[in-house]
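Numbering (our numbering), first residue to last: 44 to 168.
Take a look at the structure set out below.
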């Protein structure tokens, strides 16, 4: 048989979910202290929220809202944006190519390597 919500409250006085603060209060009263490290873990002690934390969060959310506002309005139309950087990219590619070829050694020919063998070669009559 199912109980209605009001009957459930009467039947179970602790129906609302206990907060972590009361859980820690219970642990502190019944035991020596909070188990393990109090700031890390599954059952860690909740950190108090200060006015500075609230202020910083509001500033962060306002900054994020402003960024979303500016991002939602494009600077250029799609027609203006198409190919606007093609010339700059081509110039950058040429610079990269030139820098690669600058470090490349000059061409070497077989005749230059074997020229020392031609010492006895003369015109015969």
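Glycine included, C-beta positions come from ideal geometry on N, C-alpha and C.
The alpha-carbon of residue 141 is positioned some 10 Å away from that of residue 147. Between residue 110 and residue 101, the alpha-carbon positions lie close to 14 Å from each other. Note that the C-beta distance between residue 90 and residue 81 is not below 8 Å. Where residue 136 is concerned, the enclosing alpha helix (DSSP H) starts and stops at 129 to 145.
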